[in-house]
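*Asks:*
Number of protein chains: 2
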Amino acid sequence: MTGTSLDAIDVALCEIQPKGDRQTVTLRSFSSAPYPPELAYLIRRALDGAASMEDLSDLPFLLARAYAEAWRAVDPNGTAEAISVHGQTLWHHPPESTWQAVSGPALAALTERTVIHDFRSADVALGGQGAPLVPLFDHAMLGSATEDCVAVNIGGMANVTLLPAGGSIDLLQAFDTGPGNVLINAICERTFGKRFDAKGALARAGNVIPQALEELQTHPFFAQEPPKSTGREVFNEVLVDHLYRRYAHPSIPSEDLVSTLTELTAWSIADHIHRYQPSTSGVFVGGGGVHNHFLMERLAHYLPDAVVRSCADVGIDPDAKEAMCFAWLGWRTQQGLVGNVPSVTGARSAVVLGSVCRTAGTDGG
Amino acid sequence: MTGTSLDAIDVALCEIQPKGDRQTVTLRSFSSAPYPPELAYLIRRALDGAASMEDLSDLPFLLARAYAEAWRAVDPNGTAEAISVHGQTLWHHPPESTWQAVSGPALAALTERTVIHDFRSADVALGGQGAPLVPLFDHAMLGSATEDCVAVNIGGMANVTLLPAGGSIDLLQAFDTGPGNVLINAICERTFGKRFDAKGALARAGNVIPQALEELQTHPFFAQEPPKSTGREVFNEVLVDHLYRRYAHPSIPSEDLVSTLTELTAWSIADHIHRYQPSTSGVFVGGGGVHNHFLMERLAHYLPDAVVRSCADVGIDPDAKEAMCFAWLGWRTQQGLVGNVPSVTGARSAVVLGSVCRTAGTDGG
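Chains as they are written, first to last, in my numbering: chain H, 199 to 563; chain B, 199 to 563.
Next comes the structure, spelled out in structure tokens:
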């Protein structure tokens, strides 16, 4: 798994076993290899529209090589039977197109493993957003027959998958709730020169500025009805800079600003759960936000009737969750099972996702 | 099949049946749909490096739509079980990379058929040229246990596959011999304003200019040892223009120039056969050059010990041959059979080519 932040190549070595209608996905090993800097540079040039046709032709092959090396580091004995790879998003422009770069045939040839890739295109071709794809995994792994649950992912943005007790896939709902770590990280950078608030210590040391929180809560995205999605074009450094210039003052500790944005994040996630599944009793949190203990506490504060916990408690490493999801989606593709959820992506129908590259057959004929 | 000329989308509806170790490939229907002009324009912009990232993201999806429509026109009853698609070459840059654009998942979703695509990348990833891929098809379809044969393709350039009697795939040789129709077409355009020499009538009406022929025969490409390949960067309008300016004269009929370049083309193909497989007794010609009857006669003239015929005589439509080859290569990929020939492409090993997109499975789970 590689995301748009270009910071790492996440590799999750998973064992997938059918168990009745469902599957167990067990994480055997996980690591984040740094993106080779020259490759990250080339990708940034491509994202900026400054890459040549030669660059764009070479990029999927360079990515295949980088992914092959990252895999070998995590799986030196080559135990993996197949490699599921998301690829590097260069453009996402539904319903016209989406572009996750990696040469599947090159990765298969280099690793001598079956490769499954290009997971979003079929959904987009059928009128869908090509995203999110994690809700089906949430449903399979975290859904309960007896309890109304919610899967929360706190990455740059935060999103939720509503999992009513025994709910069918057809009625699955998933949407972004607003900022995840993005605003907290930005204010930490602005005020303390830190990339993030480790364990939420800064926020814990501060006090919420009520007027600032109330003002932020009026952001129109929060009131919007789902399905909805957001990104750095809405919640970003500009918004944080505006807050800083308005409220930073010698008499106000910078921790108060961190505290306020942490509160906003927890509130916005919880508020959507209250509004769209008030009966929720179990909340499973994945993504980097899990490591912000204060954020987790505030989320629990806003959801007094639910048990709020890391998805690690049910065997899913919160940092590895997305990579595990794509391993599982690749397994589904190999089984001929559909991988998108039309009620979530907006596609006209459910479809087998991706493209499969097999390696040298047993027969040279 | 779509080539770099951007003139048409060739669709060959083929029935493939295993017959012992080999297969029979029967052409059920063939047509060339014109490339939608706005799509051809977008591709030309991409080839010129003038396309935006949005254009390049959309292009594989637009191609998938155009291919889906071209398929439906040839196969209105939807009899095809699978669609094998070459894609539109945007860059070919071995051993670094190659780029045949088409979204396989989109085409599969739109046609509800299994799609096999991206045939050249695995070979390039293994150090090969990713081309030519037709020689394996020549071997399977045209090879004989008792006769030394040659498969010739006369497209823009001309190439040969040497097929010694009972020869194994490991020793297969294939290479370009020089110009195919490119110089003949260029001189027809220059002198008569015609796109090509229909049936070779112009060449037949003229006489070879011996001095011009001898001069052209000294082109260093012809003496070069195989493996070798060439293209429009070597044999092109510039060379023809040079010839025209040197030999065109009121006393010399323009037909003589057409005749001379036709002779050069026939000679260069035959000369390579003499040099690299003098024992050749059967020559099967495919590609558009077959329709130039005079060129075929001159080729036969230079190869008195061989029977020179169109591959139509053995059931392979010369215009549909390349498309039939890719249909068959896609079938091989589905069977887990290798599709490249390392002795021909230079790849480190033989490998299953391409990437396979399956459609909605039978199970919605």
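Virtual Cβ for every residue (Gly too), placed ideally from N, Cα, C.
#1: Does the distance from the CB of S342/B to the CB of V322/B come in under 8 Å?
#2: Within its chain, find whatever has a CB closer than 6 Å to the CB of A410/B; leave out the 5 residues flanking it on each side and keep chain order.
#3: Can you check whether the C-beta of S466/B is within less than 8 Å of a C-beta belonging to chain H?
#4: Counting C-beta neighbours from all protein chains within 10 Å, is the total for L257/H 16 or more, i.e. buried, or is it exposed?
#5: Please name the residue or residues paired with D208/H in a DSSP beta bridge.
#6: Buried or exposed, going by whether 16 or more other CB atoms sit within 10 Å of the CB of L211/B?
#7: Ignore the nearest five residues each way along the sequence and tell me which others in I514/H's own chain have a CB closer than 7 Å to its CB.
#8: Quick one: which chain B residues come within Cβ less than 7 Å of R556/H?
#9: Candidates S319/H, V539/H, S452/H: which alpha carbon is nearest T389/H's?
#10: At what residue ranges does the region 457 to 527 of chain H contain a whole run of the beta strand (DSSP E), taking only runs of 3 or more?
#11: Could you round the C-beta distance between F482/B and A349/B to whole angstroms and report it? I think they count as a contact, below 8 Å.
#12: Using a Cβ-Cβ cutoff of less than 6 Å, which residues in the same chain neighbour R402/H once the five nearest sequence positions on both sides are dropped?
#13: Would you list, in chain order, the members of the region 278 to 297 of chain H that have their beta-carbon closer than 9 Å to a beta-carbon of chain B?
#14: What whole-angstrom Cβ distance do S466/H and P377/H have, given they're in contact under 8 Å?
#15: Can you list the residues of chain B that L308/H reaches, using a CB-CB cut of under 7 Å?
#16: Sort out for me which residues DSSP pairs K426/B with in a bridge.
#17: What in chain B is Cβ-close to L254/H, meaning under 7 Å?
#18: Please name the residue, chosen from D439/B, E423/B, A238/B, I207/B, that lies closest to V456/B on a Cα-to-Cα basis.
#19: Can you pull the chain B neighbours of G247/H, defined as C-beta to C-beta under 7 Å?
#20: Counting only C-beta atoms, is D561/H closer than 8 Å to chain B at any point?
#21: Residues of the region 423 to 448 of chain H with a CB closer than 7 Å to any CB of chain B: list them in chain order, please.
#22: Given a threshold of 16 other Cβ atoms within 10 Å of its Cβ, counted over all protein chains shown, does L501/H qualify as buried or as exposed?
#23: For the pair the region 267 to 285 of chain B and the region 201 to 217 of chain B, tell me if three or more CB-CB distances fall below 8 Å.
#24: Using a Cβ-Cβ distance cut-off of 8 Å, determine whether A304/H contacts chain B.
#25: DSSP three-state call for D561/H: helix, strand or coil?
#26: Are the region 271 to 286 of chain H and the region 238 to 258 of chain B in contact at 8 Å, needing three or more beta carbon pairs?
#27: Kindly indicate if chain H contains any beta-carbon less than 8 Å away from that of L366/B.
#28: CB L551/B to CB A363/B, shorter than 8 Å?
#29: Is there a Cβ of chain B sitting closer than 8 Å to that of D395/H, yes or no?
#30: Are the Cβ atoms of A307/B and L324/H separated by less than 8 Å?
#31: Go through its chain and collect everything with a Cβ distance to I314/B's Cβ below 6 Å, but skip five positions before and after it.
#32: In this structure, how does DSSP classify R147/B when only helix, strand and coil are distinguished?
#33: Considering only the beta carbon of each residue, do G486/B and N379/B sit closer than 8 Å?
#34: Report whether the distance from the Cβ of P333/B to the nearest heavy atom of the ligand FAD is below 7 Å.
#35: Using CA coordinates, which residue listed in R496/B, L462/B, G247/B is at the minimum distance from E412/B?
#36: Could you check which residue in V432/H, D374/H, D395/H has the C-alpha nearest to that of H470/H?
*Replies:* Concretely, from the data shown:
#1: No, the Cβ-Cβ distance between S342/B and V322/B is not below 8 Å.
#2: Y445, T458, listed in sequence order.
#3: So, not an interface residue.
#4: Buried is the call here.
#5: S230/H
#6: buried
#7: Result list for I514/H: M339, G484, M522, in chain order.
#8: G534, V550
#9: Ranking the options by Cα distance to T389/H, first place goes to S452/H.
#10: Taking only runs of at least 3 residues, the beta strand (DSSP E) segments lying wholly in the region 457 to 527 of chain H are 480 to 484, 505 to 508.
#11: 5 Å
#12: F492
#13: L288, W289, H290, H291, E294, S295, T296, W297
#14: 7 Å
#15: What L308/H touches in chain B: A323.
#16: DSSP output for K426/B lists no bridge partner at all.
#17: L254
#18: D439/B
#19: S250, M251
#20: For D561/H, the predicted model reports a pLDDT of 38, less than 50, meaning its position is unreliable; a value from the coordinates is still stated below. By the rule that beta-carbons nearer than 8 Å mark a contact, D561/H touches chain B.
#21: none
#22: buried
#23: yes
#24: yes
#25: Because the pLDDT of D561/H is 38, which lies under 50, any placement of that residue in the model is unreliable, and the number read from its coordinates should be weighed accordingly. In this structure, D561/H counts as coil in the three-state DSSP scheme.
#26: no
#27: Checking the sequence shown, residue 366/B turns out to be Ser, not Leu. No, no contact with chain H.
#28: No, the Cβ-Cβ distance between L551/B and A363/B is not below 8 Å.
#29: no
#30: The answer is yes: Cβ separation under 8 Å.
#31: S282, G528, T531, G552, V554
#32: In the structure as shown, chain B begins at 199 and stops at 563. Residue 147/B is therefore absent and cannot be evaluated.
#33: Result yes, Cβ atoms of G486/B and N379/B sit closer than 8 Å.
#34: As far as ligands go, the structure on display features none, and thus does not contain the ligand FAD.
#35: L462/B
#36: Per the Cα distances, D374/H.
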